[in-house]
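Residue numbers (my numbering): 10 to 381.
These notes concern the structure reproduced below.
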Amino acid sequence: MAKEDFAAFPIIALIMRICGGTGGFSFAKAWGFYADSEYAAGKFKGFSHPYMQVVMIFLGEALVGLVGLFDKKTKHDKFHVKHILRCIVPAALDAAAQTFSNLGIGGELISVQQIFRLTTILFATPLCAIFSDFRDSFAINMKAKIQSLIIMTCAFVVVGVASISFTPVVQPDCGSTAKSMSYVIFSGFLSGLYTISTRMYKSANMHPLTQQSMEGVVGMILYMLVLPILNHFQLEFPGEWFYRHTHTWYITLNQILFLTAVFTVTLGGYYCSKFTSNLSFQVIEAARPLLVTVVTMIVKFEKPEVKFTLVSLSAQCIIIYATIIHFTEPTTKAKQISEQADALVVGSADTLEINTKTKRKTTKRENSDILE
10 MAKEDFAAFP IIALIMRICG GTGGFSFAKA WGFYADSEYA AGKFKGFSHP
60 YMQVVMIFLG EALVGLVGLF DKKTKHDKFH VKHILRCIVP AALDAAAQTF
110 SNLGIGGELI SVQQIFRLTT ILFATPLCAI FSDFRDSFAI NMKAKIQSLI
160 IMTCAFVVVG VASISFTPVV QPDCGSTAKS MSYVIFSGFL SGLYTISTRM
210 YKSANMHPLT QQSMEGVVGM ILYMLVLPIL NHFQLEFPGE WFYRHTHTWY
260 ITLNQILFLT AVFTVTLGGY YCSKFTSNLS FQVIEAARPL LVTVVTMIVK
310 FEKPEVKFTL VSLSAQCIII YATIIHFTEP TTKAKQISEQ ADALVVGSAD
360 TLEINTKTKR KTTKRENSDI LE
């Protein structure tokens, strides 16, 4: 049975997206709560490798290309060097966005980090109004979009103030909550630029999963070039990262689970774009912080605190509501007229069919009367 014929597949795709994303960020947060692990012979300290983990994110995204190899129905262009060149700018922006997102995980609650990842929409929407390729989509229901952005901004401000004022659990990273929050907001800005940059893919007739996989490979290559610089300035230590994975089993297990989650959320995103509406996809993205909040409370990364929890949950619900407003496409007057015209045509056809049947019956009766 084809996926298109399986009625539950859109729901499965949405579940893959929200569960994969929740799992990925939960596993990323887990490293900070593990006991100190051995990073050199006889030396122990906490796991903190936000830069190397970006490489792992790209690896997880690159693996989805294997799924695209099994799609024999759709014909696409053969691989060309120009396809790699198209990936450089999006991959660089994605790498920068993922880096600042990872830097913002350690010093704040992961649920707060997830909420502020949604600030991407605050930057992507104005950028869409600037670039001609996206201007038409911005013009649709523009008033509602502006209202939703104002509502979201207020919700983000409330969550930010509440998080800085009374974060209920001391975070494993020494960075301040405000600093971590600023990292994630800047990540949202870079993600907005990344969204615009992906218009380069329009001219490439490639399978979306192959394109995503290629971007992941290019991202890994770009990051490998940057790692020596990071190591020189003692911002990242790849040698320590590799040593931990060969000497500490729970670090390796967590990494495998993290990669699986990244693979799942990426594949789920592709299937959502194929089988679900944009509104459904965006609502699931906005609802992810709710699931993250529940999961992290269960595993004790967060603990319920009346004031903060109520403020956070209320703000998350408001953001979901604003997302629905933002991405709901109204029925335009032209579309209404078209639908009414179609209804009239159908109604006229039904009336004509009824009249024709009635006329046939009348003719049959007249013929029978003549025969008699």
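Just so you know, even glycine gets a beta-carbon here, dropped at the ideal spot from N, CA and C.
Quick caveat, the model's predicted, so the values are computed rather than measured.
A check of alpha carbon separations from Thr305 across Lys38, Leu23 and Phe18 identifies Lys38 as the nearest. The C-alpha of Leu239 is placed about 34 Å away from the C-alpha of Met215. Note that the C-beta distance between Ala164 and Ala296 is not below 9 Å. The criterion of a C-beta distance shorter than 9 Å is satisfied by Ala22 and Gly277.
Between the region 28-42 and the region 226-233, the count of C-beta pairs closer than 8 Å stays below three; the two stretches do not touch. Looking only at Ile160, Ile124, Lys52 and Phe18, the smallest Cα-Cα distance to Arg253 is reached by Lys52.
For Ala71, the CB contacts under 6 Å within the same chain, skipping 5 residues up- and downstream, are Ser222, Gly225 and Val226 in chain order. If only complete runs of 4 or more residues are kept, the region 149-212 shows the alpha helix (DSSP H) at 151-174 and 186-206, in order along the chain. Taking Ile124 as the centre and dropping the five residues before and after it, the same chain places the C-beta of Val168 and Pro298 closer than 6 Å to its C-beta, in chain order. For Glu70, the enclosing alpha helix (DSSP H) starts and ends at Pro59 to Leu72.
Within 10 angstroms of the beta-carbon of Ser120 lie 16 or more other beta-carbons, which makes it buried. Selection Ile97, Phe34 and Ala49 evaluated against Trp250 yields Ala49 as nearest (Cα-Cα).
Annotation for Ser46: the continuous beta strand (DSSP E) segment containing it runs Ser46 to Ala49. With respect to Thr275, Pro99 sits apart: the two C-beta atoms are not nearer than 9 Å.
Residue Ile260 holds the alpha-carbon nearest to the alpha-carbon of Lys54 among Thr269, Ile260 and Ile334. One Cα belongs to Leu319, the other to Ile329, and the distance between them is close to 16 Å. Taken through DSSP and simplified to helix, strand or coil, Phe251 comes out as helix. For Lys54, the enclosing beta strand (DSSP E) covers residues Lys52 to Lys54. In terms of CA proximity to Leu268, Val73 leads the group Glu47, Val73 and Phe18.
In this structure, Met161 keeps its C-beta atom at 9 Å or more from the C-beta atom of Ile205. Cα atoms of Gly116 and Ser189: separation of roughly 5 Å, rounded to the nearest angstrom. Between Gly197 and Phe140 a beta carbon distance of about 18 Å is seen, past the 8 Å cut, so the two are scored as non-contacting.
Remark: C-beta atoms of Val63 and Gln107 approach each other more closely than 9 Å. With distances taken between CA atoms, Pro339 lies nearest to Ala148 out of Ile114, Ala148 and Val76.
When DSSP states are grouped into helix, strand and coil, Ala17 belongs to the coil group.
Counting along the chain, Ser289 sits inside the alpha helix (DSSP H) bounded by residues Asn287 to Ile307. With respect to Leu102, Tyr203 sits close: the two C-beta atoms are nearer than 9 Å.
When secondary structure is reduced to three states using DSSP, Gln221 falls in the helix class.
When the beta-carbon positions are compared, Glu245 and Tyr43 stay at least 9 Å from each other. Phe195 and Phe109 do touch by the CB rule: their CB atoms are close to 5 Å apart, below 8 Å. With respect to the 9 Å criterion, Lys309 and Phe175 are not classified as neighbours on the basis of their beta carbons. Leu266 and Ile173 have their C-alpha atoms spaced approximately 31 Å apart. Spatial neighbours of Leu218 in its own chain (CB-CB distance under 7 Å, excluding positions within 5 residues in sequence) are listed in chain order as Val73, Gly74, Val76, Gly77 and Tyr279.
Spatial neighbours of Ile97 in its own chain (CB-CB distance under 8 Å, excluding positions within 5 residues in sequence) are listed in chain order as Val227 and Leu231. From the listed residues Ile20, Leu118 and Ile114, the smallest Cα separation to Ser321 is found for Leu118. Exposed is the label assigned to Asn287, since fewer than 16 other Cβ atoms lie within 10 Å of its Cβ.
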